[in-house]
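Novice:
There are 4 protein chains.
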Amino acid sequence: MADKQVPSTIKDEALVMKRRNQMVKGAVTLFIEKGFHKTTTREIAKASGFSIGTLYEYIRKKEDVLFLVCDSIYQRVKARMEDDIDPAQVSSLIQAVHSYFYLMDEMQDEVVVMYQEVKSLPKDAQDYVLQKEREMVAMLEEVIRKHISGPCSEEKVQLIANNIFVQGQMWGFRRWILQRTFTIEAYADLQVRLLLEGLPLKEKRPSGNKE
Amino acid sequence: MADKQVPSTIKDEALVMKRRNQMVKGAVTLFIEKGFHKTTTREIAKASGFSIGTLYEYIRKKEDVLFLVCDSIYQRVKARMEDDIDPAQVSSLIQAVHSYFYLMDEMQDEVVVMYQEVKSLPKDAQDYVLQKEREMVAMLEEVIRKHISGPCSEEKVQLIANNIFVQGQMWGFRRWILQRTFTIEAYADLQVRLLLEGLPLKEKRPSGNKE
Amino acid sequence: MADKQVPSTIKDEALVMKRRNQMVKGAVTLFIEKGFHKTTTREIAKASGFSIGTLYEYIRKKEDVLFLVCDSIYQRVKARMEDDIDPAQVSSLIQAVHSYFYLMDEMQDEVVVMYQEVKSLPKDAQDYVLQKEREMVAMLEEVIRKHISGPCSEEKVQLIANNIFVQGQMWGFRRWILQRTFTIEAYADLQVRLLLEGLPLKEKRPSGNKE
Amino acid sequence: MADKQVPSTIKDEALVMKRRNQMVKGAVTLFIEKGFHKTTTREIAKASGFSIGTLYEYIRKKEDVLFLVCDSIYQRVKARMEDDIDPAQVSSLIQAVHSYFYLMDEMQDEVVVMYQEVKSLPKDAQDYVLQKEREMVAMLEEVIRKHISGPCSEEKVQLIANNIFVQGQMWGFRRWILQRTFTIEAYADLQVRLLLEGLPLKEKRPSGNKE
DNA sequence: AATGAATGAGGTTTCATTCAT
DNA sequence: GATGAATGAAACCTCATTCAT
Chain A
1 MADKQVPSTI
11 KDEALVMKRR
21 NQMVKGAVTL
31 FIEKGFHKTT
41 TREIAKASGF
51 SIGTLYEYIR
61 KKEDVLFLVC
71 DSIYQRVKAR
81 MEDDIDPAQV
91 SSLIQAVHSY
101 FYLMDEMQDE
111 VVVMYQEVKS
121 LPKDAQDYVL
131 QKEREMVAML
141 EEVIRKHISG
151 PCSEEKVQLI
161 ANNIFVQGQM
171 WGFRRWILQR
181 TFTIEAYADL
191 QVRLLLEGLP
201 LKEKRPSGNK
211 E
Chain B
212 MADKQVPSTI
222 KDEALVMKRR
232 NQMVKGAVTL
242 FIEKGFHKTT
252 TREIAKASGF
262 SIGTLYEYIR
272 KKEDVLFLVC
282 DSIYQRVKAR
292 MEDDIDPAQV
302 SSLIQAVHSY
312 FYLMDEMQDE
322 VVVMYQEVKS
332 LPKDAQDYVL
342 QKEREMVAML
352 EEVIRKHISG
362 PCSEEKVQLI
372 ANNIFVQGQM
382 WGFRRWILQR
392 TFTIEAYADL
402 QVRLLLEGLP
412 LKEKRPSGNK
422 E
Chain C
423 MADKQVPSTI
433 KDEALVMKRR
443 NQMVKGAVTL
453 FIEKGFHKTT
463 TREIAKASGF
473 SIGTLYEYIR
483 KKEDVLFLVC
493 DSIYQRVKAR
503 MEDDIDPAQV
513 SSLIQAVHSY
523 FYLMDEMQDE
533 VVVMYQEVKS
543 LPKDAQDYVL
553 QKEREMVAML
563 EEVIRKHISG
573 PCSEEKVQLI
583 ANNIFVQGQM
593 WGFRRWILQR
603 TFTIEAYADL
613 QVRLLLEGLP
623 LKEKRPSGNK
633 E
Chain D
634 MADKQVPSTI
644 KDEALVMKRR
654 NQMVKGAVTL
664 FIEKGFHKTT
674 TREIAKASGF
684 SIGTLYEYIR
694 KKEDVLFLVC
704 DSIYQRVKAR
714 MEDDIDPAQV
724 SSLIQAVHSY
734 FYLMDEMQDE
744 VVVMYQEVKS
754 LPKDAQDYVL
764 QKEREMVAML
774 EEVIRKHISG
784 PCSEEKVQLI
794 ANNIFVQGQM
804 WGFRRWILQR
814 TFTIEAYADL
824 QVRLLLEGLP
834 LKEKRPSGNK
844 E
């Protein structure tokens, strides 16, 4: 919970949540536009609809805003993933991956921010946030495990999960190249097909399967 | 060529190259450690082995250092790729991808920097740098095209190339999760296998192959 | 109005005026002593009685201080002229010119500053300031026109006004030569007499008066 | 003599003169354009046609360039005055004043520089330069004295000389207002006429002429 | 005598943070 | 609880001057 990580001088917890929501909403836009470092606290305060003084009643340092923003994004993404690719609900891996890609499309901007600014967080906040990311990858792993046929090493599952996860983000952070060629539908379709089919090569594949 | 993009007051071109090499060498380390924004120009000068005044004889603005660093990394990566996965030389896609992954492993730090700081470049420098990236992806495309059997849509080739490209970088920027489980050899092996094999699913695959 | 030309981040307008007054007061002294270029912003802040950070809450660039100073001087001079040589009040040209010269004597330092530093203003501020100067010359023209007998070309009026105007300033910027010989009273007296009498020459004057 | 005031490390005096001429020629243009303070030594060197290192073989400090420039201008103006309004040659005050005004017209730019940058000179150089100015005023005084009829107080002569002197410069530094209305011919004509005729007033002049 | 690379003091400006109201 | 004026450390960058070649 963000409240535990970022103390505020304000007692009224409901108010703290409200103000922090305003803050995150304002800041995300700015971070998308110009990045964390080029955004000033004054701009954040203004975009949030209150004064610089008030801003500092709800955070201690500028970095706290970044943390709050990242945390909010992760929470939203994770919540959506829990809804959209719930292993208990989802009927196929294909459907799950499609849902995930569409989600990444919807939240492109947020994903890019989260992606590029995490390294600006203080070490401990980074750990907190990366933990969230592990959990998301774990969700993908679970879906994969559930829908795969035959035995499959844990490592393989993990790697596939990572691949899918990154391919989702990649739709956002490589839009300058991908979104010229593909629509999100085409992208999702093709990635899924590649995932399932494998590649036919001219040469013989190495046969020694030690798996 | 960097010389064209970043003017220097120094006339001796050889010296400019030499000093800029020192500069890039010093700056990369700092950027890896603390990122571009948290690195000061004085630190760059010191790490480069000359005074702040001298630094500014070879660049105009701090951003120029970032550009030089990015440019240098891209150039080195690209040069290495041209050696290692030359479509004329390389005997198989598998070998090419392996080489590319090993290269990404060697240049992890640089790749991470280049990856995370590009957005801090001025717009035109970004374009310049993204062009370089397109060229690298194109190299991968060519190798794929050469070694694939049967007909394969351009889009598919492009997407596979992007996947491989990003999976290489991912080895660096997701090391906190990947390098706990895999060695680079295992990683390369497994990624290649996934690439070739496809995934066996319990359910029927959608049959409508319009390809 | 200076408020329009030089934006401030401070909202309280009264405070802006107050602080800018402090600023102008402090800066004038420094500019008189050492000139605009040799005065540092830190010195200005200190002389104004606040910190460098505060200084920059009330201006954007150092040049703004110069503009504020020039504007203030012009405003004060103009206001005094409007009081002292009001064409409706003043009973004779002689009296008006005397008043003007005494004013220039009182405000010597300011006039010298304004005079020597205008060229350091950005182009648009220069125009603004020269406009003020035109207005002052126009005041003199009006007084002249009102008190002159017989027909007199506009050009002649304009030139006389300019002469008087500059002779007033000259009392300040040529003090090193003039104030060794004259008191302001003697100076004013003699200039007025010269203005009225003309010069008796040995030779015949050129007779072709096309006026 | 400038050689005495500004030492050089170079022995060959002819060379010193040559180089300093180049320097002054280059610097004047720059000072006219942007003023002394905004002109860098590098720009001066380049405009002079040699390197920054060479520049410093012929001066000690940047201010020396300003001094050399001012000195050169004063010398040229003075030399021209000695030619053009030589009291032994000139046949009338009118002609002398005309010549002086035309000279000021020719040397407008130089006069403006000299006028606005003198205060940036070190104190002792200022004295040196003001002395030159006194000498020029003295030349005007002499011409006046020679051509005036009847007795005339020294002070009056001095003041008239100063007026003429400043009116000449004024043609340059108030060009933004004067040169919209007058050609130099018209300006010279009218100033001379004003000088000779005096002003007809409606009111009685004060009669107590203690002169 | 000429060069131009190197230097670093010092200038302007920004901006996160505080605290009195 | 909210405000916003005040602060000053510290950032970027310039440029007069030196000195080895």
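Residue numbers (our numbering), protein chains in the order written: chain A, 1 to 211; chain B, 212 to 422; chain C, 423 to 633; chain D, 634 to 844.
Each residue gets a CB set at the ideal place from its N, CA and C atoms; glycine is no exception.
On a predicted model such as this, the values are computed, not experimentally measured, just so you know.
1. Check the Cβ-Cβ distances between M803(D) and every residue of chain C, and say whether any is below 7 angstroms.
2. Can you tell me whether I375(B) is helix, strand or coil according to DSSP?
3. Contact criterion: CB-CB distance below 7 angstroms. Does Q116(A) meet it with respect to chain B?
4. Between D297(B), G237(B), V280(B) and V227(B), which has its C-alpha nearest G260(B)'s C-alpha?
5. DSSP state of I570(C), grouped into three classes?
6. Scan the stretch 735-779 of chain D and note each continuous beta strand (DSSP E) run of 3 residues or more that stays entirely inside, going in chain order.
7. Which residues, in chain order, does the stretch 155-167 of chain A contribute to contact with chain B at a C-beta distance below 8 angstroms?
8. So which residues on chain D does R556(C) lean against when the C-beta distance must stay under 7 angstroms?
9. Considering only the beta carbon of each residue, do L351(B) and A372(B) sit closer than 7 angstroms?
10. Please return the same chain residues whose Cβ sits closer than 8 angstroms to the Cβ of M526(C), not counting the five positions on each side in sequence.
11. Under the three-state reduction of DSSP, which class applies to T672(D): helix, strand or coil?
12. Strictly below 9 angstroms CB to CB, what residues from chain C border L754(D)?
13. Whose C-alpha, out of I184(A), E43(A), Y115(A) and E142(A), is nearest the C-alpha of V166(A)?
14. If contact is defined by three or more beta carbon pairs under 8 angstroms, each pair taking one atom from either stretch, is the stretch 216-230 of chain B in contact with the stretch 253-273 of chain B?
15. Taking three-plus beta-carbon pairs below 8 angstroms as touching, is the stretch 137-153 of chain A in contact with the stretch 76-86 of chain A?
16. Output, in chain order, the set of chain C residues within a Cβ distance shorter than 9 angstroms of H670(D).
17. How should A647(D) be labelled, buried or exposed, when 16 other C-beta atoms within 10 angstroms of its C-beta is the threshold for buried?
18. Give me the Cα-Cα distance between A467(C) and V487(C), rounded to the nearest whole angstrom.
19. Going by C-alpha distance, which of E82(A), L159(A), A186(A) and H98(A) is nearest D400(B)?
20. Within the 7 angstroms Cβ cut-off, does L401(B) reach chain A?
21. Are E766(D) and F669(D) touching if we call contact CB-CB under 7 angstroms?
22. Go ahead and label I263(B) buried or exposed: buried means 16 or more other beta carbons lie within 10 angstroms of its beta carbon, across all protein chains shown.
23. Where do the ends of the alpha helix (DSSP H) carrying Q655(D) lie?
24. Using DSSP with H/G/I as helix, E/B as strand and the rest coil, what is E211(A)?
25. Exposed or buried, D760(D), counting other C-beta atoms within 10 Å across all chains shown (16 or more means buried)?
26. Give me the Cα-Cα distance between Q300(B) and I284(B), rounded to the nearest whole angstrom.
27. Are the CB atoms of V280(B) and V308(B) within a distance shorter than 7 angstroms?
28. Could you pull out every residue in the same chain whose Cβ sits closer than 7 angstroms to the Cβ of R627(C), ignoring the five residues on either side in sequence?
29. Identify, in the order they occur along the chain, each residue of the same chain with its Cβ nearer than 7 angstroms to the Cβ of T674(D), setting aside the five sequence neighbours on each side.
30. Going along chain D in order, which residues have a C-beta closer than 7 angstroms to the C-beta of T603(C)?
31. Any beta-carbon of chain D closer than 7 angstroms to the one on L552(C)?
32. So the alpha helix (DSSP H) G475(C) belongs to, where does it begin and stop?
33. From the DSSP output, in three-state form, read off F393(B) for me.
34. For a contact defined as C-beta to C-beta under 8 angstroms, what are the partners of R596(C) on chain D?
Specialist: Quick look at the numbers:
1. Closer than 7 angstroms to some Cβ of chain C, the Cβ of M803(D) qualifies, so yes.
2. In the three-state scheme derived from DSSP, where H, G and I count as helix and E and B as strand, I375(B) is classed as helix.
3. Residue-level contact check: Q116(A) touches chain B, since one or more beta carbons of chain B fall below 7 angstroms from its beta carbon.
4. It is G237(B).
5. The DSSP-derived three-state label of I570(C) is strand.
6. Those beta strand (DSSP E) runs which fall completely within the stretch 735-779 of chain D and span 3+ residues do not exist here.
7. Of all residues in the stretch 155-167 of chain A, only E155, K156, Q158, L159, I160, N162, N163, V166 and Q167 place a beta-carbon less than 8 angstroms from a beta-carbon of chain B.
8. Neighbours of R556(C) on chain D, chain order: I810.
9. A372(B) is positioned such that its CB atom lies closer than 7 angstroms to that of L351(B).
10. For M526(C), where only same-chain residues beyond five positions count, the Cβ hits under 8 angstroms are V533, G590, Q591, W593 and G594.
11. Per DSSP, reduced to three states, the secondary structure at T672(D) is coil, with no helix or strand assignment.
12. The premise fails here: L754(D) is roughly 11 angstroms from chain C at the closest Cβ pair, so nothing lies under 9 angstroms.
13. Per the Cα distances, Y115(A).
14. Yes, the stretch 253-273 of chain B is in contact with the stretch 216-230 of chain B.
15. With contact defined as three or more Cβ pairs closer than 8 angstroms, the stretch 137-153 of chain A and the stretch 76-86 of chain A are in contact.
16. Contact of H670(D) with chain C by beta-carbon distance below 9 angstroms involves G457, F458, H459, K460 and S542.
17. A647(D) should be labelled exposed.
18. When rounded, the distance between both Cα atoms is 10 angstroms.
19. For the residues E82(A), L159(A), A186(A) and H98(A), the minimum Cα distance to D400(B) belongs to L159(A).
20. Judged by the 7 angstroms Cβ criterion, L401(B) is in contact with chain A.
21. No, these two residues do not count as a Cβ contact at 7 angstroms.
22. Around the CB of I263(B), fewer than 16 other CB atoms lie within 10 Å, so the residue is classed as exposed.
23. Q655(D) -> alpha helix (DSSP H) spans E646 to K667.
24. Model confidence at E211(A) stands at a pLDDT of 40, short of 50, so the residue's coordinates are unreliable and nothing is read from them.
25. By the neighbour-count rule (16 or more Cβ atoms within 10 Å), D760(D) is not buried but exposed.
26. The straight-line gap from Cα to Cα measures roughly 24 angstroms.
27. V308(B) is not a Cβ neighbour of V280(B), given a cutoff of 7 angstroms.
28. Confidence at R627(C) is low in this model, with a pLDDT of 45, below 50, so the placement of that residue is unreliable and no value is reported for it.
29. Taken in chain order, the residues that qualify are I685, L688 and K695.
30. The answer, in chain order, is E788 and Q791.
31. So, interface residue.
32. Going by DSSP, G475(C) is part of the alpha helix (DSSP H) stretching over I474 to Y480.
33. In this structure, F393(B) counts as coil in the three-state DSSP scheme.
34. Simply N795 and V799.
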